[in-house]
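J.: Below: one structure in C-alpha cells.
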Amino acid sequence: MVPMTRFDSATTVVRVGENRYAAELDPGYLIGSALNGGYLMSVLQRAALAESDHPHAVSSSYHFLRPGSGGPAEIGTEVVKRGRTVTTVLVTLRQRGATVITGTVATAALASQAEPLYETPPVEIPPVDRCRNFDPRESRLAEDSFVSRVDVGFAPDSYAALAGERAADSPELYGYVDLSARDGGSAENPEAFLPLAVDALPPVVSLLTDWSWAPTVELTWHLRAVPEPGPLAFRAHTSLVSDGWFDENVDLWDAKGRLVAQSRQLARVGR
Numbered sequence: 001m002v003p004m005t006r007f008d009s010a011t012t013v014v015r016v017g018e019n020r021y022a023a024e025l026d027p028g029y030l031i032g033s034a035l036n037g038g039y040l041m042s043v044l045q046r047a048a049l050a051e052s053d054h055p056h057a058v059s060s061s062y063h064f065l066r067p068g069s070g071g072p073a074e075i076g077t078e079v080v081k082r083g084r085t086v087t088t089v090l091v092t093l094r095q096r097g098a099t100v101i102t103g104t105v106a107t108a109a110l111a112s113q114a115e116p117l118y119e120t121p122p123v124e125i126p127p128v129d130r131c132r133n134f135d136p137r138e139s140r141l142a143e144d145s146f147v148s149r150v151d152v153g154f155a156p157d158s159y160a161a162l163a164g165e166r167a168a169d170s171p172e173l174y175g176y177v178d179l180s181a182r183d184g185g186s187a188e189n190p191e192a193f194l195p196l197a198v199d200a201l202p203p204v205v206s207l208l209t210d211w212s213w214a215p216t217v218e219l220t221w222h223l224r225a226v227p228e229p230g231p232l233a234f235r236a237h238t239s240l241v242s243d244g245w246f247d248e249n250v251d252l253w254d255a256k257g258r259l260v261a262q263s264r265q266l267a268r269v270g271r
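Residue numbers (full-length UniProt numbering): 1 to 271.
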C-alpha cells in the first residue's frame, strides 16, 4: 500500500449526511492569512467525485467569495444532472456559517491511454535540476506554510525575472510543480493534485508590478488527460492586465509530455 501523503490527508472529506461532507482544512496550505484557492478546489473535487458515478473531474469552475482558514469546514453537494457520459455536481464550502467557495464540477471517464487526434507540442523547459525555487515572502513565513507544501521550480529566465535580476520579456512563467518531498512527494493520485497545481504559482502580474496578494475571483480548469506521476511542467501567462483586473492562464504537462490540464482565472491586481 502506498503511504498517504500530507496532501492526500489534508484533502480528505468525510460523508456526514445526504449531500453533506466534513473536512478539516490544513493550515499548512495558508498563504499569508488565507488558504490557497487551489487547495480548496482539491478538497471540493474529492466531494464532487464522491457524489458521481464517473471517476474524473473534466471541467471545474469555482467562484471565490471570501478567504478560507484552517480548521473545520462543511461541504454541501447537489447533483444537478446524472448522465451516462457526464454528471454535473454543485459544491459549496462553508466555514463559520459563511460560504467561502462555490463551484460546478462536470465529471466523466477519460481513457488513460487515449491517443490525441491533434496536440500542440509542449513548451521547451530546461530540466528540473536547472530550475530554482523562489518566493519573496519565504523569509517571513513560518516553516509550516504553503512554500513548504508545494515544490515550484522556475526555469532560469523566469527565476531571474521574479528575482528582479532582469526585466521579463513578457509576463510568462515556466518551470515544474510537484508536492514537496518532505510531505511524501507526488500525490498517490496525480489527478487529485491538478486543482492545486493550476493555482500554485505566484501571480504572473507580479512581473509587471510590485509583489502583493492578487485575489482570485473565478477560476475554471479542464482535465485534458489522466496524468502520469511526477513533476508537472507548467507555462503561465496573461493576455490582458487592465483597470485593476488580469487573467492568468496555466498549462500543465506530465512526465510523458502530454497536456493534462488547462486553466484560466480572473483576478484582481493586488493593492
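Think of the CB as a built atom: it goes at the ideal place given N, C-alpha and C, for glycine as much as any other residue. Predicted model, so just to flag it, every value in this text is computed and none were measured.
1. Can you find the residues in the same chain that come closer than 7 Å, C-beta to C-beta, to LEU141, ignoring five residues on each side of it along the sequence?
2. Does the Cβ of PHE246 lie closer than 8 Å to at least one heavy atom of the ligand SAH?
3. Within the continuous alpha helix (DSSP H) that includes PHE7, where are the two ends?
4. Indicate whether at least one CB of chain C lies closer than 9 Å to the CB of PRO126.
5. Distance, Cα to Cα, SER145 vs ILE101?
6. Rounded to a whole number of angstroms, what is the C-alpha to C-alpha distance between ARG6 and PRO195?
7. From which residue to which residue does the beta strand (DSSP E) around GLN262 run?
8. Under the rule that 16 or more other beta-carbon atoms within 10 Å means buried, what is PRO231, buried or exposed?
9. Please list, in chain order, all residues of the same chain as LEU259 whose beta carbon is under 6 Å from its beta carbon, the five residues on each side excluded.
10. Does GLY153 come out as helix, strand or coil in the three-state DSSP assignment?
11. Classify PRO202: buried if its beta carbon has 16 or more other beta carbons within 10 angstroms, exposed otherwise.
T.: Let me spell this out:
1. A caution first: LEU141 carries a pLDDT of 48, below 50, which makes its placement in the model too unreliable to give a value.
2. This structure simply doesn't include the ligand SAH, nor any ligand for that matter.
3. 6-10
4. The structure shown contains no chain C, having only a single protein chain.
5. 21 Å
6. 16 Å
7. 259-268
8. buried
9. ARG224, TRP253
10. strand
11. buried
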